[in-house]
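Asker:
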Amino acid sequence: MADLRIIGLHKYYGSVHAVRGVDLEIPAGEFTVLVGQSGCGKSTLLRTIAGLEDADAGTIEIAGEVVNDQPPRSRDIAMVFQNYALYPYMKVYDNIAFGLRARRTPRDEIETKVRSAARMLAIDHLLDRYPRQLSGGQLQRVAIGRAIVRNARLYLFDEPLSNLDAQLRDEMRGEIKRLHQELGKTMIYVTHDQIEAMTMADRIVLLRDGKIEQQGAPLDLYERPATRYVAGFLGSPSMNFVPATVAAIDGGYGVHLADGTVLALPVARSGKLAARRDQPVLLGVRPEHMSRAVPGDTRPGRAPHNALIDLVQPTGARTYATFRLGGAEVVAELQAHDVSQPGERIELAIDMNRVVLIDPSTEAVIS
Amino acid sequence: MSLGRRRNLQLTLRFAGAVALTLFFLFPIYWLFMISFKTPEEIFSYPPQWWPGRIQFDNYAVLFKDGDATTVWNSFVVAGLSTVAAMFLGTICAYSLARFRTGGEHLANWIISQRMVPPIAVVFPIFLLYVFFGWVDTYFGLILLYTAFNLPYVIWMMRGYILDIPQALEEAALVDGYTRWQVLWKVVFPMSRAGLFATAIFTFVFAWNEFLFALVLTRTEVTTYTVQVTHYFGGQSNFWAKISAMSVLGTVPIFIVVGFMQRYLVRGISLGAVKG
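Going down the list, the protein sequences come from chains E and P. Take the first sequence: its position 77, counting from 1, is numbered 77 in the working numbering, and each next residue is one higher. Take the second sequence: its position 90, counting from 1, is numbered 90 in the working numbering, and each next residue is one higher.
#1: Where does P:Ile-111 land, buried or exposed, given buried means 16+ other C-beta within 10 angstroms?
#2: Measure the alpha-carbon distance for P:Leu-32 versus P:Ser-247 and round it to whole angstroms.
#3: Return yes when the Cβ of P:Leu-174 is within less than 8 angstroms of the Cβ of E:Pro-131, no when it is not.
#4: Could you tell me whether any Cβ in chain P is nearer than 8 angstroms to the Cβ of E:His-72?
#5: The alpha helix (DSSP H) spanning P:Val-122 covers which residue range?
#6: Once the 5 residues before and after P:Cys-93 are set aside, which same chain residues still bring their CB inside 7 angstroms of it?
#7: Measuring straight from C-alpha to C-alpha, what distance separates E:Val-142 and E:Leu-207?
#8: So with Cβ pairs under 8 angstroms, would you call P:Val-175 a contact of chain E?
#9: Give the residues of chain E in contact with P:Pro-52, contact being defined as C-beta atoms less than 9 angstroms apart.
#10: Could one say the Cβ of E:Thr-48 lies closer than 8 angstroms to chain P's Cβ atoms, at least one of them?
#11: Assign E:Arg-286 to buried or exposed, taking buried as 16 or more other Cβ atoms, counted over all protein chains shown, within 10 Å of its Cβ.
#12: Go ahead and pull the three-state DSSP assignment for E:Gly-301.
#13: Roughly how many angstroms separate the alpha carbons of P:Val-117 and P:Trp-135, rounded to a whole number?
#14: Measure the alpha-carbon distance for P:Val-78 versus E:Val-33 and round it to whole angstroms.
#15: Sort out for me which residues DSSP pairs E:Val-312 with in a bridge.
#16: Kindly say whether P:Ala-273, judged by its beta-carbon, lies nearer than 8 angstroms to any beta-carbon of chain E.
#17: Taking the alpha carbon of E:Asp-94 as the reference point, which residue from E:Ser-162, E:Asp-128, E:Asp-278 and E:Arg-20 has its own alpha carbon closest?
#18: Is it right to say P:Glu-105 is buried, meaning 16 or more other beta carbons lie within 10 angstroms of its own, or is it exposed?
#19: Checking the sheet assignment: what are the DSSP bridge partners for E:Asp-351?
#20: Using alpha carbons as the reference points, say which of E:Glu-196, E:Cys-40, E:Ser-116 and E:His-180 lies closest to E:Ser-236.
#21: Compute the Euclidean distance between the alpha carbons of E:Pro-225 and E:Gly-284, then round it to the nearest angstrom.
#22: Taking the alpha-carbon positions, what's the E:Phe-81 to E:Arg-153 distance?
#23: Using the beta-carbon of each residue, which ones in chain P are nearer than 9 angstroms to E:Met-79?
#24: Run down chain P in chain order and give the residues with a C-beta less than 9 angstroms from the C-beta of E:Asn-353.
#25: How many angstroms separate the CA atom of E:Ala-303 from the CA atom of E:Pro-280?
#26: So E:Pro-243 is in the beta strand (DSSP E); what residue range does that whole segment cover?
#27: Which value, in whole angstroms, describes the spacing of the CA atoms of P:Thr-83 and E:Arg-178?
#28: Compute the Euclidean distance between the alpha carbons of P:Leu-129 and P:Glu-210, then round it to the nearest angstrom.
#29: Fully enclosed by the segment 135 to 207 of chain E, which beta strand (DSSP E) runs are 3 residues long or longer?
#30: How big is the Cα-Cα spacing for E:Thr-191 and E:Tyr-155?
#31: Please list, in chain order, all residues of the same chain as P:Ala-98 whose beta carbon is under 6 angstroms from its beta carbon, the five residues on each side excluded.
#32: Does the distance from the CB of E:Ala-85 to the CB of P:Leu-169 come in under 8 angstroms?
#33: Go to E:Arg-292, then tell me how far its beta strand (DSSP E) extends in each direction, as first and last residue.
#34: Let me see if you follow: with CB-CB separation under 8 angstroms, is P:Pro-190 close to chain E or not?
#35: Roughly how many whole angstroms lie between the Cα atoms of E:Gln-341 and E:Val-205?
#36: Below 8 angstroms between beta carbons: does that hold for E:Leu-100 and E:Val-149?
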């Protein structure tokens, strides 16, 4: 089982600098998700690992072996493509067996492996069909089958679910994660969808403009983002950002908002703020950290706020309420039946233990 | 009701038109075949005889006895081998142009421009060259020339078909353990099969019908049937029986080739048409 190590990787497309110095280590057996907006270099990085693109600088090691100069077939990698990449002139069976035949696997071994992979993916009844006779979800299963039937060192997935409809995507997400648990293989998965990243990854590598913005366990990134970009990228609806000024309040610290609101921060979180007194910051609050104030709630760090609801968006399980806070439009995640009408005024409690403060000039998270 | 009747009328008219047009185009071929089975008296009889009194193969027998029929074989060898060579080389070149951007943006345009050279402009320099190399009146000489002449067309067509193949199909094969050559064989050829056959047919037909180069570059050994037919047009009289029989021999192989590949031909041409 391989671990992958990438050191100082650069990739250019003509004058476009697609990957700008990526260092990355992936331990064996881990499910890593490369996530970022389109054009951030995540697919390029994956294709370079596969050997479909040449690295312009840096090294790629698989299991301690530098593979930069090896063609894709020598790297012992299996890959699932966005558009399935199935051969229309071959039956499902032959599509799955295609990679095994390249490696001169004995015929009866191919048969065993193909059938067991097909069973695992619940496509064993489709082996005699042609790809054109299958639905999108079935096609993607076949594409995954073609990868897992190979006993490869490394499995790469290039946005494999982006062509499926939402319901099927949810289902396949779970299946791929289950496959990873069963096979225990090293998998690298590229997506632009932060929900896929959060739900599937052992580790998220968030890319921005060809560089790694932050990497770590999903909940680490979610709860302790290093930058405003990470804070805003993960989470749906995304984090609210409100311009504010650091202020001394009652012996501790807090923030002043443009509309005069004062929000005190818990003592534990005030440490780094002394040096920034009266300086501007960006207050980041996740929607789920603003809730209806409970009378008599004495838990520390709850800052009250009276909000005039502007827009109500029920989703069934939750209701999203939009209002203005410190001059910015923010969204709070409330109970399903909590508010019903725009124009209502409600008392909210903002959980100041969970907010992040961001330096507006560097966009780095301060505390 | 009246709508249905109008529709029926329309269909009938359309069908009648199609039949008339087909007969119009088939008649010369029918006439050619009939002449080849007639005796000299029947050929020149007036009013013309629509059907020979007795189907006889004397006209063909003469061609085989004199050895003239071997010119059809010569045509077949030259057209067949040059088609194979042009398809093989052209497809590889096309793949290189399509996938590795060999020669940048404009090399493909330059290559197809070579196809537009009128043969007459180059036939005499080529003749002198061939005399120098001793290639006149050899299979090799004609095959080489037809291959070279067809190559730009093959490259141009195949490049279009290859560009239509999703690149991920090839990448999947590369990752799965195949070499570029294997990918060409196992992915590119099957994926562009319709285009391959269509292009091969056009290439074959060009070489089969070619006259000018064959006239200048052959003497007696590898004369092709197109050149041979002209020998039957004499100053005093034309040997219609031989002309027609030889023409039939020259037509039948094309019928067979196109008949077998019709399926691919239609798809291949329409593929190209959509591509523009």
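Quick reminder that beta carbons are idealized off the backbone N, C-alpha and C, glycines included.
Answerer: Concretely, from the data shown:
#1: A buried status is given to P:Ile-111, since no fewer than 16 other beta-carbon atoms sit within 10 Å of its beta-carbon.
#2: Here the alpha carbon of P:Leu-32 sits roughly 8 angstroms from the alpha carbon of P:Ser-247.
#3: Going by C-beta atoms, E:Pro-131 is not nearer than 8 angstroms to P:Leu-174.
#4: Note on residue identity: the sequence assigns Pro, not His, to residue 72 of chain E. Closer than 8 angstroms to some Cβ of chain P, the Cβ of E:Pro-72 qualifies, so yes.
#5: Looking at the DSSP string, the run of the alpha helix (DSSP H) that includes P:Val-122 is 119 to 133.
#6: Cβ contact annotation for P:Cys-93 (same chain, cutoff 7 angstroms, sequence separation greater than five): Ile-155, in chain order.
#7: Cα to Cα, E:Val-142 sits roughly 29 angstroms from E:Leu-207.
#8: Yes, because at least one Cβ of chain E sits closer than 8 angstroms to the Cβ of P:Val-175.
#9: Neighbourhood of P:Pro-52 in chain E, by CB distance below 9 angstroms: empty, with the nearest CB roughly 48 angstroms away.
#10: No, E:Thr-48 lies away from the interface with chain P (no Cβ there is under 8 angstroms from its Cβ).
#11: E:Arg-286 is buried by the Cβ-count criterion.
#12: Three-state DSSP puts E:Gly-301 in coil, outside helix and strand.
#13: If you take the alpha carbons of P:Val-117 and P:Trp-135, they lie about 22 angstroms apart.
#14: Near 58 angstroms, if we compare the C-alpha coordinates of E:Val-33 and P:Val-78.
#15: Assignment of beta-bridge partners to E:Val-312 by DSSP yields E:Ala-321.
#16: With a pLDDT of 43 at P:Ala-273, under the threshold of 50, the predicted position of this residue should be treated as unreliable, though the coordinate-derived value follows. So, not an interface residue.
#17: Of the candidates E:Ser-162, E:Asp-128, E:Asp-278 and E:Arg-20, the residue whose Cα lies closest to the Cα of E:Asp-94 is E:Asp-128.
#18: With a 10 Å radius around the Cβ and a threshold of 16 neighbouring Cβ atoms, P:Glu-105 comes out exposed.
#19: Here E:Asp-351 is bridged, per DSSP, to E:Arg-302.
#20: Ranked by Cα distance from E:Ser-236, the first of E:Glu-196, E:Cys-40, E:Ser-116 and E:His-180 is E:Glu-196.
#21: Just so you know, the alpha carbons of E:Pro-225 and E:Gly-284 end up roughly 11 angstroms apart.
#22: Straight-line Cα distance between these residues: approximately 17 angstroms.
#23: The contacting residues are Glu-171, Ala-172, Val-175 and Asp-176.
#24: Under the 9 angstroms cutoff, chain P gives no residues; its nearest Cβ is about 47 angstroms from E:Asn-353.
#25: CA-to-CA, the gap between E:Ala-303 and E:Pro-280 works out to about 20 angstroms.
#26: Residues 240 to 249.
#27: In a straight line, the C-alpha of P:Thr-83 is about 53 angstroms away from that of E:Arg-178.
#28: Approximately 20 angstroms between the Cα atoms of the pair.
#29: Secondary structure remark: continuous beta strand (DSSP E) runs of at least 3 residues inside the segment 135 to 207 of chain E, in chain order: 154 to 158 and 186 to 191.
#30: Using only the alpha carbons, I get a separation of about 14 angstroms.
#31: Counting only Cβ-Cβ distances below 6 angstroms, and skipping sequence neighbours, we find Arg-159, Ile-162 and Leu-163.
#32: Yes.
#33: For E:Arg-292, the enclosing beta strand (DSSP E) has its first and last residue at 290 to 292.
#34: With a threshold of 8 angstroms between beta carbons, P:Pro-190 makes contact with chain E.
#35: Approximately 40 angstroms between the Cα atoms of the pair.
#36: A contact, by the Cβ cut-off of 8 angstroms.
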